[in-house]
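Visitor: Residue numbers (our numbering): 150 to 418.
(1) Contact defined as beta carbons within less than 8 angstroms: I believe residue 335 pairs with residue 380. What is the distance between those atoms, to the nearest angstrom?
(2) In chain order, what residues of the same chain have a beta carbon less than 7 angstroms from the beta carbon of residue 268, not counting five sequence neighbours either side?
(3) Would you kindly report the start and end of the unbroken alpha helix (DSSP H) that includes residue 328?
(4) What are the residues that DSSP puts in a beta bridge with residue 177?
(5) Counting Cβ pairs closer than 8 angstroms, one from the segment 307-325 and one from the segment 273-280, do we hit at least three?
(6) Start and end of the alpha helix (DSSP H) containing residue 265?
(7) Quick check on residue 256: does DSSP put it in helix, strand or coil?
(8) Please state the DSSP three-state secondary structure of residue 204.
(9) How many whole angstroms separate the CB atoms of residue 292 and residue 389, which I take to be in contact at a CB cut-off of 8 angstroms?
(10) Using the Cα positions of residue 416 and residue 205, report the straight-line distance between them to the nearest angstrom.
(11) Which same chain residues end up closer than 6 angstroms to residue 156 when comparing Cβ atoms and leaving out the 5 residues on each side of it in sequence?
(12) Ordered along the chain, which non-local residues of its own chain (more than five positions away) have a Cβ less than 7 angstroms from that of residue 348?
(13) With contact counted as at least three CB pairs below 8 angstroms, one residue from each stretch, are the segment 170-180 and the segment 208-220 in contact?
(14) Can you find the residues in the same chain that come closer than 8 angstroms, C-beta to C-beta, to residue 290, ignoring five residues on each side of it along the sequence?
(15) Please name the residue in 273, 285 and 345 whose C-alpha comes closest to that of residue 409.
(16) Pick helix, strand or coil for residue 313, following the three-state DSSP scheme.
(17) Can you tell me whether residue 286 is buried or exposed, with buried defined as 16 or more other CB within 10 angstroms of its CB?
(18) Which word fits residue 372, buried or exposed, when buried means at least 16 other C-beta atoms lie within 10 angstroms of its C-beta?
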C-alpha cells in the first residue's frame with residue numbers, strides 16, 4: 150500500500166478486545182445466599198466480584214444467573230475506508246544503545262513490571278504509545294523461551310518494550326506509569342504482587358542518557374532511609390520477543406486497550 154491509496158470496507162478492532170466465551174459463567178441462587186438483595190437486580194446490572202472483576206447480569210431466573218465479564222463492547226469493530234496519508238520512519242534504536250538519538254519523533258522505552266501482561270495493557274491504553282511488545286531482557290541466554298525464563302536460570306526478566314510518540318507523550322509519563330503500577334513493590338526484591346522470582350524483578354531500562362536522568366529524578370521520590378529501592382535502573386540490553394500467544398494477551402482475552410480506558414486491569418485474562 151502506497152501513500153494516497155485507499156482500502157475500502159476494512160474492519161478495524163474498536164479497541165475493546167475480542168469476545169471471550171470463557172468469561173461467561175453461571176452461578177446458582179444457592180451460591181448467592183443473602184449477601185445480595187436480588188430484588189434490586191435486573192438484566193444489565195453490573196456487579197463487582199470479590200476478586201475485583203466486574204460483570205454484567207445477562208440472564209436470571211429463580212434458580213440461576215448468567216454473568217458476563219467481557220466488556221460490553223468486546224468484539225466490536227468499525228467498518229471504515231482507510232487512506233494511507235504518509236509513511237514515517239520509526240525509531241532507529243530499537244534495542245539498546247547508550248547514545249541519544251537526535252530529534253526523532255518516535256522513541257523506545259523498556260520496563261519490567263512483574264508479569265508483563267498487565268503492564269503491556271496499561272501502556273496500550275496510554276495516549277501517545279504507538280505499539281507494545283512483551284519479551285525478555287537483561288539475561289544471558291539468546292532467544293530464551295518462556296519456560297526457560299520461568300526457571301530463573303537464564304537471568305532474564307519479563308519486560309515490555311514501548312514505542313511512543315515523543316510529541317504526544319513524555320518519557321517522564323511512561324516512567325511514572327511504571328512506578329505507579331509498582332507502588333510499594335519498588336521496595337521488594339524479585340517480587341511484584343504475588344509473582345516472585347528473578348524473572349519478575351522490576352526495572353527501568355534506559356536507552357540514552359536523557360531517559361536515565363528522567364528516571365533517576367522520579368525514583369528519588371521513592372528513596373527512604375529505612376527502605377531500600379530494588380527497582381533496577383540499568384541501560385537497556387537485548388530484548389528478545391516473547392512467544393506470540395503472550396503478545397497483547399489481555400486484549401485477546403477481552404479487556405479493553407482503548408486509549409484512556411480506566412477499567413481495572415485483570416492480570417488473569
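We put the CB at the ideal spot given by N, CA and C, even for glycine. Quick caveat, the model's predicted, so the values are computed rather than measured.
Guide: For this structure:
(1) Locating residue 335 in the chain shown gives position 186, counting from the first residue. Locating residue 380 in the chain shown gives position 231, counting from the first residue. Right, the Cβ-Cβ distance comes to about 5 angstroms (below 8 angstroms), so this counts as a contact.
(2) Residue 268 sits at position 119 when you count from the first residue of the chain shown. 260, 262, 309 and 330, listed in sequence order.
(3) On the chain shown, position 179 is the one that residue 328 refers to. Its alpha helix (DSSP H) spans residues 320-331.
(4) Taking the chain shown and counting its residues from 1, the one referred to as residue 177 is at position 28. According to DSSP, residue 177 bridges with 213.
(5) Contact check between the segment 307-325 and the segment 273-280: three or more CB pairs, one atom from each, fall below 8 angstroms, which counts as touching.
(6) Position 116 of the chain shown holds residue 265. That run of the alpha helix (DSSP H) goes 265-273.
(7) Locating residue 256 in the chain shown gives position 107, counting from the first residue. Here residue 256 sits in strand by DSSP.
(8) The count along the chain shown starts at 1 and reaches residue 204 at position 55. Strand, per DSSP.
(9) On the chain shown, position 143 is the one that residue 292 refers to. On the chain shown, position 240 is the one that residue 389 refers to. Confirmed, Cβ separation roughly 6 angstroms.
(10) Within the chain shown, the letter at position 267 stands for residue 416. Within the chain shown, the letter at position 56 stands for residue 205. Their Cα atoms are separated by approximately 19 angstroms.
(11) Along the chain shown, one-based indexing puts residue 156 at 7. Once the five neighbours on either side are set aside, the close Cβ partners of residue 156 are 231.
(12) Stepping through the chain shown from its first residue, residue 348 is reached at position 199. Counting only Cβ-Cβ distances below 7 angstroms, and skipping sequence neighbours, we find 298, 299, 301, 305, 306 and 307.
(13) yes
(14) Locating residue 290 in the chain shown gives position 141, where the first residue counts as 1. So the qualifying residues of the chain are 297, 303, 304 and 305.
(15) Here the question's residue 409 lines up with position 260 in the chain shown. Ranking 273, 285 and 345 by Cα distance to residue 409 puts 273 first.
(16) For the purposes of this step, residue 313 is taken as the residue at position 164 of the chain shown. Looking at residue 313 - three-state DSSP - the assignment turns out to be strand.
(17) On the chain shown, residue 286 is found 137 positions in, with the first residue counted as 1. By the neighbour-count rule (16 or more Cβ atoms within 10 Å), residue 286 is buried.
(18) Mapped onto the chain shown, residue 372 falls at position 223. Its Cβ having fewer than 16 others within 10 Å, residue 372 is exposed.
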